[in-house]
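Single-structure report; data block below.
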Amino acid sequence: MARTLRLRDGPPQGPHGCRHRPGPLFRIRLRVRHRTPLDDRRRGSGPPVLHGKRRPLPAQPELSDLTPMDYRDTVLLPRTSFPMRAELPKREPLLLERWRRENLYEQILRARSAGPRFILHDGPPFANGDAHLGHALNKTLKDLVLKSRNMMGFFAPYIPGWDCHGLPIETKVVKESFVRVPGSLIPIKELPSGEFLEAKVELPGGAPIPKGEVHAGEEGIKADDKGFQYERHGPLYIRRKCAEYAQRYVEIQREQFERLGIFGDWEHPYRTMDPAYEAEVLLLFADLVEKGLVFEGLRPVFWSIGCRTALAEAEVEYQPQIDPAIDVEFPLLPESCREVGISEDARLLIWTTTPWTLPANLAVALNPELPYGLYSARGRHLLVAEARAHAIPGLENAPCVRHFPRGEELLGLRYRHPLLPRTGLVYGASFVTGESGTGFVHIAPGHGMEDYLLGQEHGLPPLSPVDDEGRFTEECGLPELVGLSVREEGNPKIIELLESAGFLWAKRDYEHDYPHCWRSKTPIIFRSVRQWFIDVKAFQQEALRAIEEVEWLPARARNRIRGAVESRRDWCVSRQRYWGIPLPVFYRPDGSAVLEPEAIRKLAREVAKEGTDLWYATDEEALARKLGLPAGLRKGADTLDVWIDSGSSHAAVLRPRGEFPADLYLEGSDQHRGWFQSSLLLSVARSGQAPYRTVLTNGFVMDLDGRKLSKMAGARGLPEFISQFGADIVRLWVASEDYRDDVPFSQEILSRISDTYRLLRNSFRILLANLHDFDPSRNRVSEEDFPELERYMADRLRILVRTVVEAYRRYEFPAACHALTRFCSTELSAFYIDVLKDRLYCDAADGTARRASQTLLHRMAESLFRLAAPILPFTAEEAWEALGKKASVHLELFPEEAAPKSDPPFAERWTRILELRALSNEALEVSRRAKEIGKALEAEVEVQTPHFDSADEELLAEVFLVSRVRVRRGESPAVRVRPASGRQCARCWKYSEEVGKTDPAHPALCPRCTGVVQANRSRS
RNA sequence: GGGCCUGUAGCUCAGUUGGUUAGAGCAUGCGCUUGAUAAGCGCAGGGUCACUGGUUCGAGCCCAGUCAGGCCCA
């Protein structure tokens, strides 16, 4: 089917050329060849049945006047091998293959090696899962930046990276490692010791496997009571599986990114699990240790029960959840009541949505500034904030029996714990507000950050009677709770205990957003455990200063990062997992820690050779010796937070390549709290300097309703969209969106983008097609000899080049897209090309005006294809090749940004011409509706204007696309249309009185066409 | 609940320091062409500038609030 379309394309291209195929093609060709203006003439004059809407044409010649000659063969119609249909999904992989074969990326770098450097440092995506539209957006934006910078003459390398360590991968690996056992799937089992058991199928004829208990530290195969056999694995096994998993996804994503047409050193990406990378992370960590920025502390951290590890802020996500919200009465000691002069049965009322933290309660906080009151209800006397009384169930209408204008007066009251035999004090805290709860906040320093800080202030320990599994320990003091899971079992039990003890005032369900583990999706708890921290406060001010020296785009991003750094707490960097860089600490027998910068550096040197498996593979004795540490130490089991890994990339990637600091980081806006911050903090902590000069952010991909695109839809999207539409369409979508805000995506948008793509492609095509007989080395006309139309359009081109290059420079890709599309549709297609058709098709091949037009068309093609190359790398390359270029368009520089020629009278003249053209089009449309004319050539136009005279008639007719223009001097511009007089030239279809008067052999031709045909004939 | 943002035709975007009837491309409709033809050309319709108030001679733009959406945080 598609082959018929190539009929008018250039000569056959290889074995698929159409001329080898007879049959239907031939028939169509015949029909086309015989359709001449004659046919139209007959149709035009035929009965209404054939062409009823049209009135007979004016100046109808007699049939006998016509020659049978087919002038169509003497017309220079457009021809090109550049097909109208893109078939991107088929064509793009071929170009990728060619680029790979020619090592295009290296060629580009070599070509720019002398240029100024532009370093965009890639933020590493997790090597986990398929690439989705979010990735496509970010990676394509990076590529737009780099391709355009490259074409501005910069040396702009791209080293893609992947984040390989961490929970996301470790949990996936554990979850996915199923083993098929007859009749069921048995997952890898994690033991409390943190080691793993993998179920095995017994091999036929295999040696019998001993039954028995599996003991910690023991490798080997055992069978359990039910006959399943397990293989015991240590950390090295899990780490190997994780590395394989990560590598698999590095390759999958690499292929998907490459398919998008993104240029980079795909053969040598950086991976955070590379030994050299790991070594640099350890060296950076050693520097922080040396500066005293790393400490061990017992304090509340986000604890994921599902993943049995501490989490960083960035690993926590908030999801709606229903919790029991309870108001609990805390009885005051009688002596306290006497002190403030209230009845001795008075109680404080506290409100909490985490009843399970009550066993760890050590204090109560109030706001010293707020007024409080003692209310009487249900036979009780309760203290609450006055602002809250009306909102507390059962207190809505309770009389206030005693006012305390300032909470201050209640500081130091002592209460009895409602469930435990201990007492606590009331402290002041500014974080208590009158906007929720009761105005009294129960304080458990082991279970909340604010609580912890208040506890520090008053010497309260971070009591945290909860174990790694999220179950109460004996420390909680309530035997009936020990072993219960805090949320599922502990909450109801505690409510029950409170109720039976008579301290539960009210209870209801409460829906709120609650932090969840980003991996296991389970609710996290705040729990105090011994963890390692980076003392962010120590360099927070320096970090804030560094922020001011960085350019943030858009500018509002500065607020975001500032807010993130200002509210930053100490960074919990230890993780109780295997898949990561080991936290290089040793412990003495008494439990004290040994964290030695020099030992860490020695470790780094070893790791650079062998990778961090070394830490796990070497026994403690030997490892300590190797690192120059005394004997008798136990090595730590924690790994470093993955945000340390990725946040160290400036040290591991930029520094060794001499590219620190980077010119640009470009990531999604969520990275203000993520990678932008972790990178900044680590860089400032080490060297006092931000790792980037400019930070550019992109928003998120949103679906039609402006809602967040579901991960599923997005993940399904990318490879599917590329294989359906092609990478250039996806890229055009990215380039035409204002990425600084959220980026909408929908079926309609994609369909509009495809329209735009077709428009650009057809514009490229018509440029190429009209250059089929143009050889720039022989046929070029210099600009001084241009007709004025060409001089005008040459300026339009210069303006376009400046606009687009400037848009690229400012990373404003939608502006570049719009300028390109507007130029192609409005200036090229609807104006210049349309006007040029007569000249290009009908003038003598070597006519000066024709060659001048082609000179400009050629320059336009060279400019447009290069300007479009960053956005449409495949299509631009294809067009560039069709223009006869041997080397890749991506090796080119942008066209020179010459200033438009400043000639105000000339510019004004053309503004007037275009205004008159618009008037003429309007008038032509009226005649067309009145069925007086069809196409514009059937008309002649009378123009009344003060600005032009009869010398301009030819130019105006050309620009209006009509057969003739008559100018009449007159004040107000006006246009009148009438059917053209004279006869229609059979070759150029223009009407003129001169048709047939030049050469009796060509009675149907105008003088121009006669001349051309005569010249052709005498040449052949 | 808090911080930082966004909201202009069906879609994607312009809209200068506040200043005439708010623009472009695409899409839509109606024509034309059949020598760019799974194309091309012309004309037309389409906007309460999210909403409500305010400042001003004058507001898409400045201020306050409301609604919707996003990211981050609690």
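If you count by our numbering, then the first sequence holds residues 2 to 1021, one letter each, in order. Note that CB positions come from ideal geometry on N, CA and C, so glycine has one too.
Under the 8 Å Cβ criterion, the segment 815–831 counts as touching the segment 861–875, having at least three qualifying pairs. DSSP, reduced to helix, strand and coil, places residue 470 outside both helices and strands of the structure shown, so it counts as coil. Under the rule that a run must span 4 or more residues, no alpha helix (DSSP H) segment is found entirely inside the segment 277–340. Judged by DSSP secondary structure, residue 554 falls within the beta strand (DSSP E) whose first and last residues are 552–554.
Going by C-alpha positions, residue 597 is about 46 Å away from residue 743. The segment 270–284 makes no contact with the segment 143–159, as fewer than three CB pairs between them are under 8 Å. A direct Cα-Cα distance of roughly 51 Å separates residue 96 from residue 933. In this structure residue 459 is exposed. Its beta-carbon is surrounded by fewer than 16 other beta-carbon atoms within 10 angstroms.
With fewer than three CB-CB distances shorter than 8 Å, the segment 368–386 does not count as touching the segment 447–458. With contacts defined by Cβ atoms closer than 8 Å, residue 78 and residue 833 do not form a contacting pair.
Going by beta carbons, residue 352 and residue 487 fall outside the 8 Å limit. Listed in chain order, the non-local C-beta contacts of residue 507 below 8 Å within the same chain comprise 327, 328, 393, 394, 395, local neighbours out to five positions each way being set aside.
In the structure shown, residue 355 adopts coil according to DSSP, grouped into three states. Under the DSSP assignment, residue 376 falls outside any alpha helix (DSSP H), being part of the beta strand (DSSP E) whose first and last residues are 373–378. In the displayed model, residue 516 falls within a strand according to three-state DSSP.
At a cut-off of 3 residues, not a single continuous stretch assigned as beta strand (DSSP E) sits fully inside the segment 61–123. With respect to residue 1007, residue 1014 sits apart: the two C-beta atoms are not nearer than 8 Å.
By the criterion of at least three beta-carbon pairs nearer than 8 Å, the segment 331–346 is not in contact with the segment 530–546. Residue burial annotation: residue 899 is exposed, with fewer than 16 other C-beta atoms found within 10 angstroms of its C-beta. Straight across, the Cα-Cα distance linking residue 955 with residue 1005 is about 21 Å.
Remark: C-beta atoms of residue 389 and residue 440 approach each other more closely than 8 Å. Residue burial is scored here from C-beta neighbours: residue 93 has at least 16 other C-beta atoms within 10 angstroms and is therefore classed as buried. The three-state secondary structure of residue 574, taken from DSSP, is coil. Of the candidates 101, 383, 409, the residue whose Cα lies closest to the Cα of residue 260 is 101. Rounded to whole angstroms, the separation of the alpha carbons of residue 751 and residue 703 is 13 Å. Residue 147 and residue 273 have their alpha carbons spaced roughly 23 Å apart. According to DSSP, residue 946 shares a beta bridge with 970. When C-alpha distances from residue 589 are compared across 695, 625, 569, 610, the shortest belongs to 625.
The beta carbon of residue 110 sits closer than 8 Å to those of 156, 158, all from its chain and outside the five residues before and after it, given in chain order. Only residues of its own chain outside the window of five on either side were considered, and among them 685, 691 have a CB closer than 6 Å to the CB of residue 547, listed in chain order.
Assigned with DSSP and collapsed to three states, residue 426 falls in strand.
Following the DSSP letters along the chain, one finds residue 417 inside the beta strand (DSSP E) bounded by residues 415–417. Counting only residues of its own chain and dropping the five nearest sequence neighbours on each side, residue 720 has a CB closer than 7 Å to the CB of 131, 257. With respect to the 8 Å criterion, residue 765 and residue 880 are classified as neighbours on the basis of their beta carbons.
Scanning its chain for C-beta atoms nearer than 6 Å, with the 5 sequence neighbours on each side dropped, one finds around residue 787 the residues 853, in chain order.
Excluding residues up to 5 positions away in sequence, 768, 771, 772 lie with their Cβ nearer than 7 Å to the Cβ of residue 858 in the same chain.
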